[in-house]
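In our numbering, the protein residues as written are 92 to 270. Glycine included, C-beta positions come from ideal geometry on N, C-alpha and C.
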């Protein structure tokens with residue numbers, strides 16, 4: 092993938108992904124599955140799209156700033172959380188894509204206002220599961236924030252099946268309301 096002779100493939104894949112996402116924005120589509128093979132740039136394409144829609148995210152936040160966040164909530168397995176953070180640091184200049192990691196002890200350092208102002212909030216399926224569980228009442232959870240996210244990205248979305256089975260016996264809740 093990173094070999095110089097594959098530059099045309101990377102450019103084509105990246106451009107096609109961005110164009111597809113842009114067309115969905117124009118049509119006001121509420122969802123997209125980005126299912127490229129491993130290593131073809133799904134994470135980077137998604138981050139580029141988040142940056143490309145920065146103005147729309149800010150407009151969304153200010154339309155109802157008390158309840159809406161400009162952030163894209165990225166939910167991923169713990170194993171890929173550091174990959175998302177590394178891609179942001181590697182491919183974008185500092186503070187081009189402001190982000191927060193909402194996981195473990197790091198979540199206690201997150202304020203609601205900060206979560207509303209960044210472009211990306213990285214969290215894990217485990218954090219979402221604990222949020223839906225309701226047993227973490229002393230901990231800051233995604234649900235306790237009562238925010239509507241500009242966009243929600245589920246990396247390795249096959250984990251949702253496990254999450255849904257796990258949480259189906261718990262209280263029904265709107266963990267990540269999307270306006």
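Inter-residue CB distance, residue i and residue j (contact presumed, cutoff 8 Å)
i	j	result
residue 284	residue 162	The structure shown does not extend to residue 284, since the chain spans only 92 to 270, so no value can be given for it.
residue 181	residue 201	Actually they do not touch by this definition, with Cβ atoms about 23 Å apart.
Beta-carbon gap between residue i and residue j smaller than 8 Å
i	j	result
residue 206	residue 238	yes
residue 134	residue 178	yes
residue 188	residue 236	no
residue 244	residue 137	yes
Nonlocal neighbours in the same chain, by C-beta distance under 8 Å from residue i, ignoring five residues either side
i	result
residue 185	none
residue 249	none
residue 156	207
Identified DSSP bridge partners for residue i
i	result
residue 167	215
residue 239	159
residue 244	165
residue 192	213
Beta-carbon proximity list for residue i, same chain, < 7 Å, skipping 5 on both sides
i	result
residue 151	159, 161 and 241
residue 174	134
residue 203	236
residue 176	192 and 213
Contacts around residue i, its chain only, beta-carbon distance under 6 Å, and the 5 residues preceding and following it disregarded
i	result
residue 246	167 and 171
residue 149	161
residue 191	201, 209 and 212
Distance cut-off 7 Å: residue i Cβ against heavy atoms of the ligand FMN
i	result
residue 145	Absence of the ligand FMN from the depicted structure is noted, as is the absence of any ligand whatsoever, leaving it without description.
- Counting pairs of Cβ atoms below 8 Å between the stretch 214-221 and the stretch 163-172, do you hit three or more? yes
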